[in-house]
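Engineer:
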Amino acid sequence: MTVPFSLLLAGSLAFAGPEKGPHFETEILPVLTKAGCNAGSCHGAAAGRGGFHLSLWGSEPEADYHAIVNEFEGR
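Straight run, no breaks: the sequence shown in the numbering used here ends on number 86.
Next comes the structure, spelled out in structure tokens:
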């Protein structure tokens with residue numbers, strides 16, 4: 012009995028599970044740091060900037076995630 016390759020592929024994809032989005036601490040936070048978004052001269056300042064605050068240099072990733080996702084309705 013020969014099983015078509017497309018059926019094997021479809022079956023293997025079904026077991027792969029749902030795709031996961033980017034990991035905040037390893038994929039998003041480094042981009043914010045490289046761009047200077049969480050620097051002391053931007054949103055990492057004690058008062059933040061433009062009403063938005065991030066931890067300085069990403070020192071509190073959980074708080075930064077919450078700020079990005081929940082504040083200002085995630086715009």
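The beta carbon of each residue, even a glycine, is placed where N, CA and C say it ideally should be.
Please list, in chain order, all residues of the same chain as TRP68 whose beta carbon is under 8 Å from its beta carbon, the five residues on each side excluded.
Structural biologist: Position 57 of the sequence shown holds residue 68. If we look at TRP68 and ignore the five residues flanking it on each side, its Cβ neighbours are THR44, ASN49, ALA50 and GLY55.
Engineer: Considering ILE79, what are the terminal residues of the alpha helix (DSSP H) in which it resides?
Structural biologist: If you number the sequence shown from 1, residue 79 lands on position 68. Run containing ILE79: 72-81, per the alpha helix (DSSP H) assignment.
Engineer: Do you know how far the Cα of PRO72 is from the Cα of ASN81?
Structural biologist: One-based indexing of the sequence shown puts residue 81 at position 70. One-based indexing of the sequence shown puts residue 72 at position 61. Going from the Cα of ASN81 to the Cα of PRO72 covers about 14 Å.
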